[in-house]
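Participant:
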Amino acid sequence: MFDATEWLVSTAPVTIRRRVLWGECDPAAVVYTPRFADYFASARDWFLRVGLDVFDRPHPAKAGLSFPMRALAFDFKSFLAADDIFDMQVTVTAISVRTFTILVSASHDDGRPSFTAIGTQVCVDQARRCAVPLPERVVSALSAYRRQIDERSLGS
């Protein structure tokens, strides 16, 4: 029996399947609104690890980069309830000097849209605690991912 809360379905585009837990819901079994930020953060983390091969958890004692969220906005299409299965698909919408923006599009297992979330991540130097330009390897990875997804969309 396979009983996970969240798992990777695809790497191009990064798609995560998730099951809503009872503890994420109100007494009416509908997901609490703040939990959607957690869903976004989880999809974002999968994207960083799998889509970009970047891990966003620098050790506090070591210098490194992280990509905290600078902005996050949601558009709710239909509610999620306890035990619902939904997919979150990640696409890159913008790449700037110090930031990049991703779109997470979520849909129920029957294909109905559930929500979209757009979030901007800023590149931060942990040692200096300030925003810095995105490293070339990150820009290259973001650009390659974006191109790959765009090409797949055109081919569909």
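Numbering (our numbering), first residue to last: 173 to 328.
Quick reminder that beta carbons are idealized off the backbone N, C-alpha and C, glycines included.
These figures come from a predicted structure and were not determined experimentally.
Could you check what DSSP says for residue 326 in three-state terms: helix, strand or coil?
Facilitator: helix
Participant: Can you name the start and end residues of the alpha helix (DSSP H) that residue 212 belongs to?
Facilitator: 207-218
Participant: Can at least three beta-carbon pairs, one atom from the segment 303-320 and one from the segment 275-292, be found at a separation below 8 Å?
Facilitator: With the cut-off at 8 Å, the segment 303-320 and the segment 275-292 do not touch.
Participant: Per DSSP, which residues does residue 178 bridge with? Please list them.
Facilitator: 190
Participant: Considering only residues of the same chain and omitting the five flanking positions on each side of residue 272, which have a CB-CB separation below 6 Å?
Facilitator: 293, 314
Participant: State the Cα-Cα distance for the pair residue 269 and residue 237, rounded to the nearest angstrom.
Facilitator: 15 Å
Participant: Go through its chain and collect everything with a Cβ distance to residue 316's Cβ below 8 Å, but skip five positions before and after it.
Facilitator: none
Participant: Relative to the ligand SAH, is the shortest distance from any of its heavy atoms to the C-beta of residue 294 smaller than 7 Å?
Facilitator: Inclusion of the ligand SAH in the displayed structure is not the case, the ligand content being empty and no account of it being possible.
Participant: If the criterion is Cβ atoms closer than 8 Å, does the pair residue 192 and residue 253 meet it?
Facilitator: Contact flag set, yes.
Participant: Between residue 195 and residue 280, what straight-line distance do the alpha-carbon atoms span, to the nearest angstrom?
Facilitator: 19 Å
Participant: Give the DSSP-derived three-state secondary structure of residue 266 in the structure shown.
Facilitator: In this structure, residue 266 counts as strand in the three-state DSSP scheme.
Participant: With H, G and I counted as helix, E and B as strand and the rest as coil, what does DSSP make of residue 224?
Facilitator: coil
Participant: Could you tell me which whole beta strand (DSSP E) segments of length 3 or greater appear in the segment 236-314?
Facilitator: 241-248, 257-267, 271-280, 285-294
Participant: Measure the Cβ-Cβ separation of residue 208 and residue 258 and say whether it is below 8 Å.
Facilitator: Result no, Cβ atoms of residue 208 and residue 258 do not sit closer than 8 Å.
Participant: Measuring CB to CB, does residue 260 end up less than 8 Å from residue 299?
Facilitator: no
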